[in-house]
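First residue of the sequence shown? That's 1 in the UniProt record's numbering, and the numbers climb one at a time after it. Worksheet: one structure, shown below.
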Amino acid sequence: MRRTGSGRTALLAVLALLATAPAWAADIEFYQTVDRTEVGTDDTFKLTVVVVDAPSNAQVRLPESNDFEVLSSSRGSQRSISLSGGGPAVIQDITRHELLMRPLRAGKLTIPPSTLTAGGRTYRTDAVQLTVREGHAGGAPQAQQGGRPSLPDPFRNFRNMPDPFGDDDSDLNDDEPVIPRGDSDLFLRASLDRDDLYVGEQATLSLYIYSRVDLSSVDAVTMPKLEGFWTEEVESPTQLTGEQKVVDGIPYRAYLLRRRALFPVKSGTLLITPAEADITTGFLFAGHRVHRVSNGLKVKVRPLPSGAPPNMSNANVGSWRMSLDVSQTRVELGQPITVKVILEGQGNVKNVTPPKLTGPAALKIYEPTTTDRLTPNRNRIQGRRVVEYLVMPQRTGTFTLPELRFPYFDPSRRQYETARTDPVTITVEAGAGGVSSLPSAMTPSQVADAANEQKNVLTTGGLRPVRARAHFVGPSQPVWMRPFFIAGVLAPLGLLAGVAFIGGMRGRLATRSEAGRGRQQAKAARKRLAEAEKLKAGADAGAFYVEVEKAMVGFLEAQLGFPVGGLTREALGEKLAAAGVDAERRARVLFVLEACDLGRYGGGVEPGERRKVLATAAAVMEGWAG
Numbered sequence: 001m002r003r004t005g006s007g008r009t010a011l012l013a014v015l016a017l018l019a020t021a022p023a024w025a026a027d028i029e030f031y032q033t034v035d036r037t038e039v040g041t042d043d044t045f046k047l048t049v050v051v052v053d054a055p056s057n058a059q060v061r062l063p064e065s066n067d068f069e070v071l072s073s074s075r076g077s078q079r080s081i082s083l084s085g086g087g088p089a090v091i092q093d094i095t096r097h098e099l100l101m102r103p104l105r106a107g108k109l110t111i112p113p114s115t116l117t118a119g120g121r122t123y124r125t126d127a128v129q130l131t132v133r134e135g136h137a138g139g140a141p142q143a144q145q146g147g148r149p150s151l152p153d154p155f156r157n158f159r160n161m162p163d164p165f166g167d168d169d170s171d172l173n174d175d176e177p178v179i180p181r182g183d184s185d186l187f188l189r190a191s192l193d194r195d196d197l198y199v200g201e202q203a204t205l206s207l208y209i210y211s212r213v214d215l216s217s218v219d220a221v222t223m224p225k226l227e228g229f230w231t232e233e234v235e236s237p238t239q240l241t242g243e244q245k246v247v248d249g250i251p252y253r254a255y256l257l258r259r260r261a262l263f264p265v266k267s268g269t270l271l272i273t274p275a276e277a278d279i280t281t282g283f284l285f286a287g288h289r290v291h292r293v294s295n296g297l298k299v300k301v302r303p304l305p306s307g308a309p310p311n312m313s314n315a316n317v318g319s320w321r322m323s324l325d326v327s328q329t330r331v332e333l334g335q336p337i338t339v340k341v342i343l344e345g346q347g348n349v350k351n352v353t354p355p356k357l358t359g360p361a362a363l364k365i366y367e368p369t370t371t372d373r374l375t376p377n378r379n380r381i382q383g384r385r386v387v388e389y390l391v392m393p394q395r396t397g398t399f400t401l402p403e404l405r406f407p408y409f410d411p412s413r414r415q416y417e418t419a420r421t422d423p424v425t426i427t428v429e430a431g432a433g434g435v436s437s438l439p440s441a442m443t444p445s446q447v448a449d450a451a452n453e454q455k456n457v458l459t460t461g462g463l464r465p466v467r468a469r470a471h472f473v474g475p476s477q478p479v480w481m482r483p484f485f486i487a488g489v490l491a492p493l494g495l496l497a498g499v500a501f502i503g504g505m506r507g508r509l510a511t512r513s514e515a516g517r518g519r520q521q522a523k524a525a526r527k528r529l530a531e532a533e534k535l536k537a538g539a540d541a542g543a544f545y546v547e548v549e550k551a552m553v554g555f556l557e558a559q560l561g562f563p564v565g566g567l568t569r570e571a572l573g574e575k576l577a578a579a580g581v582d583a584e585r586r587a588r589v590l591f592v593l594e595a596c597d598l599g600r601y602g603g604g605v606e607p608g609e610r611r612k613v614l615a616t617a618a619a620v621m622e623g624w625a626g
């Protein structure tokens, strides 16, 4: 048999092939460098760990130290090809790990070596020495320190180019996400726009899904535990809308799940636990459900600087302005005034407390109502808080509402500021008439206040000067000469007989008359209370309390024999005591009337409160009539 070749020929062919093929580096290179060797405690620096020609199963462990804080990390790979002297090409696979770090204390600090495990062997880099000073060290980053100069970066010309698919929101600079090894096609990422802030200052938390596969739905999202924060919802999309993002040169679709504003309420290092989500990929019968867990986060919260005004709340952080809105500054006695304290700006709107409105004793200030309106702008919480007061003048004159001051800390300027309002002068004039001439739209409590305070004012319908008019009459005819003298003499006898007769009749009818009048009055009161019973569960609380008040006032006027509508509570109590009404019944009467005043203006419209007022009114009437 003829041979087609020999072993020597084959060996020469293999050697020739190897001579012309690229030459691959045989040794692993492993080193770490820093961009500066002198930093401050308020500065950051970059640590770069470089691995050259490591096998695919190599495991890199980055340095860990309690003296440094890792703010962010990234990983990138590149291939370097070099030709020299006409020889074979040298190809190197280079992997970079970049850590953005910050020292936690001053002194001579050491970054421990990084380790690499490959092929049963362990490689270590050299440790790196740093000089750390308090505050800012200043100066530009120095030449790198490490085992060898860094290799040329083929992407250096593209570092400062804008991301065409990036978010143009300058207030939300999320750090570059790190792709996890096991879930590189689909992972959950939580990020903060800032992780170093003051107590009460806003940080924005964003939760994204990064995916290279088709998503069908997100079935459940468990947000992190946010202990130590006051939170407000900024954005919560109802549909999955992705945007293109490139991470380490790999294109992803990023889907925003939640965005929340965080306001720390205490200082220190606060932890944000990982979020979780159940995600369905694919469609119809090809769907697949997976569970993903995000990264955890740390936030360094600084206490407010020294020099804060006394009793200033930690929530008073942001940028604020305050104003006062007064409905009218010249009013008649008995007319109400509406005063609004308006606080608006950027910060924790729902947690700030505007200063309380105060004034002289002549102006009665009722409890306020508070309304909030949030208008988030570029992921920052802003809006206004309005505290509305009702002010009722108690007497005529000129009075001043003093200025209000709201101290706060402005984190952008890093200084304390104070928002102020100007004092407001209110002139109260005498009304055109007494209590009866007040507008019918006033509440019973306002009518009572006006009745109490208008008694010392000379009004159109009030006191008038005394005038005496004298006149003279001539002598008249004596009485005994007048025609009616005889009839007048005989009249006492007839009158005596009539009195005796009437006295007997009254004696027999007295008991029945007293009982009849009491029953008639009780019947009228029950009728009015029955009308109030129908209004008890209705939406119009004012109508219910009006009906109860009319029933009580009518009953008292019939029992006492004089009108009580214009009396103050103190005067009415004295009249009841003079009429012999016991203290317990007087207290019930005053309770019902006060409850009617509060129900028509100041609240107390709960069904339970209405039932109590109705039952007390019925007990007063029944007890009196019986």
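Quick reminder that beta carbons are idealized off the backbone N, C-alpha and C, glycines included. Treat the numbers as computed from the prediction; the structure is a model and nothing was measured.
Report the option in the options whose CA atom is closest to the CA atom of residue i.
| i | options | result |
| --- | --- | --- |
| L363 | L374, I381, D372, G334 | G334 |
| K350 | P336, E233, R289, V247 | E233 |
| residue 653 | N66, L47, D53 | Outside the shown range of the chain, which is 1 to 626, sits residue 653, and nothing can be said about it. |
| V331 | T369, R260, T425 | T425 |
| D35 | L109, K108, S77, V128 | V128 |
| E549 | A532, G561, G538 | A532 |
| L192 | K536, A500, N295, F399 | N295 |
| S56 | K266, T95, F68 | T95 |
| residue 639 | K300, S476, L374 | In this structure the chain extends from 1 to 626, so residue 639 is not present and cannot be described. |
| I209 | A190, P112, P303, D196 | A190 |
| E344 | P360, R385, L324 | R385 |
| G200 | V178, K266, R414, V218 | K266 |
| T427 | H97, V326, L357, G383 | V326 |
| R124 | F30, P309, R194, S216 | F30 |
| V620 | R373, L598, R526 | R526 |
Quick check on residue i: does DSSP put it in helix, strand or coil?
| i | result |
| --- | --- |
| D171 | Note that D171 scores 42 on pLDDT, short of 50, meaning its location in the model is unreliable; the coordinates nonetheless yield the value given after this. Coil, per DSSP. |
| D248 | coil |
| R194 | coil |
| E574 | helix |
| M223 | coil |
| V317 | strand |
| P103 | strand |
| P274 | coil |
| P492 | helix |
| V589 | helix |
| L62 | coil |
| P393 | strand |
| V326 | strand |
Do you know offhand how far residue i's Cα is from residue j's?
| i | j | result |
| --- | --- | --- |
| G397 | A430 | 9 Å |
| P439 | R258 | For P439, the predicted structure reports a pLDDT of 45, less than 50, and the residue's modelled location is therefore unreliable. A value from the coordinates is still provided. When rounded, the distance between both Cα atoms is 53 Å. |
| N66 | T131 | 16 Å |
| T241 | V221 | 16 Å |
| S567 | L590 | It should be pointed out that residue 567 corresponds to Leu in this sequence rather than to Ser. For L567 and L590, the distance between alpha carbons rounds to 12 Å. |
| F283 | V50 | 42 Å |
| P303 | S313 | 12 Å |
| A419 | A541 | 39 Å |
| P423 | R380 | 32 Å |
| E547 | E235 | 50 Å |
| G135 | L109 | 16 Å |
| D27 | D53 | 7 Å |
| N160 | N311 | With a pLDDT of 41 at N160, under the threshold of 50, the predicted position of this residue should be treated as unreliable, though the coordinate-derived value follows. Taking the straight line from one Cα to the other gives about 47 Å. |
| S206 | M223 | 10 Å |
| N456 | Y545 | Model confidence at N456 stands at a pLDDT of 44, short of 50, so the residue's coordinates are unreliable; what they give is reported in the following sentence. Each residue's Cα considered, the two are about 30 Å apart. |
| F555 | F399 | 40 Å |
Use the C-beta contact count for residue i: other C-beta atoms within 10 angstroms, 16 or more gives buried, fewer gives exposed.
| i | result |
| --- | --- |
| I272 | buried |
| P402 | exposed |
| F562 | exposed |
| W480 | exposed |
| M392 | buried |
| L493 | exposed |
| T204 | buried |
| D214 | exposed |
| A530 | exposed |
| I486 | exposed |
| A617 | buried |
| F501 | exposed |
| F484 | exposed |
**Study point:** Start-end ranges of the beta strand (DSSP E) lying completely within the region 343 to 384, minimum 3 residues
**Key:** 363 to 365, 369 to 374
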